[in-house]
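Colleague: In the numbering used here, the protein residues as written are 2 to 417.
Encoded structure:
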């Protein structure tokens, strides 16, 4: 067995903490419920006199952080736990001592419980320790109090000043992100690809970063006029890492994420717009090369893209993508239809998949739109033509509106 032992005012078992407060009400008489918290086994616990001393043996289903101290006016023994479920525990029923005038216990605040024992006479904490059974993982908190004087009791009373038990009040958390149901503006995050030290594709004096930033601003203005909330991952010619782009979308509580590009291919001929969604397997070799090129942009800034995900995180992300992947697919299909209707300039395979890192947010429907290829003379003309750009923007806005309406109907149906 492992024994944690201390003397006088005691703080023990770990670096968790809480602020001191008033005594809590006695435990409820509701029937016991299943819980993952530690519980007190009253069958093997006792609070009793041992000669002139007072002894506590509280049997716990598992070890917990704890501390014990005394307070005066009135005289009290206080034991803080992090955290014990007192539901159904009749501690008063195990008391066999004339030294105890009253006893109360319960939940004090998030993560912490408190036991308050009103003492009939001044007592001093002599020993305190937690005995842990290695074979079962169960524990017993043992306390021993000896008679004292009023003067000595008052001198020793008070909560210990320890950062160990000085956690601030829990911070307020944002409300959980919920799917839009058509009752609020759609939150759209536009991601102009590349920027800063990474200009992207270059041809005939044009850079992908500059061309796409201009289109992103035009598209953002049009989406706002349509009543949507829009955030850009970059507003100027600055470098933004791939992970940072996704973080910006999450901070904006995005309903959809759209990355915009106008790439170049050194092999073969390609022109027209295409829309990508995430997949471990690329639709073709060209798509795989594009994804690899986009990921290499972070290496220009010396960033390591090879993160190590734990198994639990991967499972949770897979579960989230089961919901977002079909929504991303529907958004991609709408974008293809919109660009076809308003521009007519589509890639021979307008609907593709690849492992773009920027699309890997599991909780946000995400697409990557290649508006054209700077390696194509025809596409270079389109991408710099204000009329064509206005048509492409109109097609995307129409697609987003249509998708949002469909997505809201589905969300309302799922809620019912």
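Ideal Cβ placement from N, Cα and C applies to all residues, glycine included.
Around the Cβ of residue 51, are there at least 16 other Cβ atoms within 10 angstroms (buried) or fewer (exposed)?
Modeller: As a first step, residue 51 must be located in the chain shown, where it is residue number 50. Residue 51 is exposed by the Cβ-count criterion.
Colleague: Using alpha carbons as the reference points, say which of 228, 183 and 237 lies closest to residue 200.
Modeller: The residue labelled residue 200 in the question sits at position 199 within the chain shown. The candidate whose alpha carbon is nearest that of residue 200 is 237.
Colleague: To the nearest angstrom, how far is it from the Cα of residue 112 to the Cα of residue 266?
Modeller: For this step, residue 112 is matched to residue 111 along the chain shown. For this step, residue 266 is matched to residue 265 along the chain shown. Taking the straight line joining both Cα atoms gives about 57 Å.
Colleague: Tell me the DSSP secondary structure of residue 375 in three-state form.
Modeller: Translated into positions along the chain shown, residue 375 becomes position 374. Looking at residue 375 - three-state DSSP - the assignment turns out to be coil, as it is neither helix nor strand.
Colleague: Rounded to whole angstroms, what's the CA-CA distance from residue 366 to residue 117? Just pull it up for me.
Modeller: Locating residue 366 in the chain shown gives position 365, counting from the first residue. Locating residue 117 in the chain shown gives position 116, counting from the first residue. Between residue 366 and residue 117, the C-alpha separation is close to 51 Å.
Colleague: Would you please state the rounded distance, in angstroms, between the beta carbons of residue 225 and residue 193? I believe it to be under 8 Å.
Modeller: The residue you call residue 225 lines up with position 224 of the chain shown. The residue you call residue 193 lines up with position 192 of the chain shown. About 16 Å separates the two Cβ atoms, so there is no contact after all.
Colleague: Have a look at residue 324 and residue 363 and give me their C-alpha separation to the nearest angstrom.
Modeller: Reading the chain shown from its first residue, position 323 is the one you call residue 324. Reading the chain shown from its first residue, position 362 is the one you call residue 363. Their Cα atoms are separated by approximately 9 Å.
Colleague: Compute the Euclidean distance between the alpha carbons of residue 420 and residue 228, then round it to the nearest angstrom.
Modeller: A query on residue 420 cannot be resolved here, the shown segment of the chain reaching from 2 to 417 and no further.
Colleague: Taking residue 225 as part of the alpha helix (DSSP H), name the residues at either end of that continuous run.
Modeller: Locating residue 225 in the chain shown gives position 224, counting from the first residue. Where residue 225 is concerned, the enclosing alpha helix (DSSP H) stretches over 209-226.
Colleague: For the pair the segment 139-148 and the segment 54-74, tell me if three or more CB-CB distances fall below 8 Å.
Modeller: Segments in contact, yes.
Colleague: Check for me: the beta strand (DSSP E) holding residue 248 runs from which residue to which?
Modeller: Numbered from 1 along the chain shown, position 247 holds the residue referred to as residue 248. Per DSSP, residue 248 belongs to no beta strand (DSSP E); it is in the alpha helix (DSSP H), 243-252.
Colleague: Tell me whether residue 345 is buried or exposed, calling it buried when 16 or more other Cβ atoms sit within 10 Å of its Cβ.
Modeller: Taking the chain shown and counting its residues from 1, one reaches residue 345 at position 344. By the neighbour-count rule (16 or more Cβ atoms within 10 Å), residue 345 is not buried but exposed.
Colleague: To the nearest angstrom, report how far apart residue 382 and residue 370 are at their CA atoms.
Modeller: The sequence position of residue 382 within the chain shown is 381, counting from 1. The sequence position of residue 370 within the chain shown is 369, counting from 1. In a straight line, the C-alpha of residue 382 is about 18 Å away from that of residue 370.
Colleague: Put residue 329 into one of helix, strand or coil per three-state DSSP.
Modeller: Stepping through the chain shown from its first residue, residue 329 is reached at position 328. In this structure, residue 329 counts as helix in the three-state DSSP scheme.
Colleague: Please work out which residues of its chain come closer than 6 Å, Cβ to Cβ, to residue 359, disregarding the five sequence neighbours upstream and downstream, and give them in chain order.
Modeller: Within the chain shown, numbered from 1, the residue matching residue 359 stands at position 358. Counting only Cβ-Cβ distances below 6 Å, and skipping sequence neighbours, we find 243, 246 and 260.
Colleague: Any idea if residue 179 is buried or exposed, counting beta-carbon neighbours within 10 angstroms, 16 or more meaning buried?
Modeller: As a position in the chain shown, residue 179 is number 178, starting the count at 1. Flag for residue 179 reads exposed.
Colleague: Tell me whether residue 188 is buried or exposed, calling it buried when 16 or more other Cβ atoms sit within 10 Å of its Cβ.
Modeller: As a working mapping, residue 188 is identified with position 187 in the chain shown. Per the 10 Å Cβ criterion, buried.
Colleague: How is the alpha helix (DSSP H) around residue 154 delimited, first residue to last?
Modeller: The residue you call residue 154 lines up with position 153 of the chain shown. Segment 151-157, the alpha helix (DSSP H) holding residue 154.
Colleague: Among 264, 250, 240 and 328, which one has its Cα closest to the Cα of residue 278?
Modeller: Position 277 of the chain shown, counted from the start, is the residue given in the question as residue 278. Of the listed residues, the one whose Cα sits closest to residue 278 is 328.
Colleague: Find out if the Cβ-Cβ distance for the pair residue 102, residue 125 is shorter than 8 Å.
Modeller: Mapped onto the chain shown, residue 102 falls at position 101. Mapped onto the chain shown, residue 125 falls at position 124. The answer is no: Cβ separation not under 8 Å.
Colleague: Using alpha carbons as the reference points, say which of 253, 152 and 411 lies closest to residue 123.
Modeller: Within the chain shown, the letter at position 122 stands for residue 123. Looking at the Cα atoms, 152 is the closest of the given residues.
Colleague: Checking 8 Å against the spacing of the C-beta atoms, do residue 155 and residue 73 come in under that value?
Modeller: Against the chain shown, residue 155 aligns to sequence position 154. Against the chain shown, residue 73 aligns to sequence position 72. In contact: residue 155 and residue 73 (Cβ atoms closer than 8 Å).
Colleague: Taking residue 356 as the reference, which of 390, 408 and 276 has the closest Cα?
Modeller: Looking up residue 356 in the chain shown gives position 355. Cα-wise, what sits closest to residue 356 is 276.
Colleague: Can you give me the Cβ contacts of residue 55 inside the same chain, cut-off strictly under 7 Å, excluding the 5 residues immediately before and after it?
Modeller: Position 54 of the chain shown, counted from the start, is the residue given in the question as residue 55. 98, 100, 124 and 146, listed in sequence order.
Colleague: Please say whether residue 95 and residue 40 have beta carbons closer to each other than 8 Å?
Modeller: In the chain shown, the residue the question calls residue 40 occupies position 39. In the chain shown, the residue the question calls residue 95 occupies position 94. Not a contact, by the Cβ cut-off of 8 Å.
Colleague: In terms of DSSP beta bridges, what is residue 257 paired with?
Modeller: Reading the chain shown from its first residue, position 256 is the one you call residue 257. DSSP, once it has assigned bridges, lists 189 as partnering residue 257.
Colleague: Within 10 angstroms of its Cβ, does residue 209 collect 16 or more other Cβ (buried), or is it exposed?
Modeller: In the chain shown, counting from the first residue as 1, residue 209 sits at position 208. So residue 209 counts as buried.
Colleague: Taking only runs of the alpha helix (DSSP H) that begin and end inside the segment 386-413, which ones reach a length of at least 4 residues, in chain order?
Modeller: Segments of the alpha helix (DSSP H) lying fully in the segment 386-413: there are none.
Colleague: Using CA atoms only, rank isn't needed, just tell me which of 240, 198, 230 and 271 is closest to residue 258.
Modeller: Translated into the one-based positions of the chain shown, residue 258 becomes position 257. Looking at the Cα atoms, 230 is the closest of the given residues.
Colleague: Among the residues of its own chain, which have a CB less than 7 Å from the CB of residue 409, if the five just before and after it don't count?
Modeller: Residue 409 sits at position 408 when you count from the first residue of the chain shown. Around residue 409: 181, 182 and 183.
Colleague: For residue 239, does the count of other Cβ atoms within 10 angstroms reach 16, so buried, or fall short, so exposed?
Modeller: Sequence index remark: in the chain shown, residue 239 carries index 238 (1-based). Its Cβ having fewer than 16 others within 10 Å, residue 239 is exposed.
Colleague: With C-beta atoms as the reference, is residue 223 less than 8 Å away from residue 372?
Modeller: For this step, residue 223 is matched to residue 222 along the chain shown. For this step, residue 372 is matched to residue 371 along the chain shown. Taking 8 Å as the Cβ cut-off, residue 223 and residue 372 do not qualify as a contacting pair.
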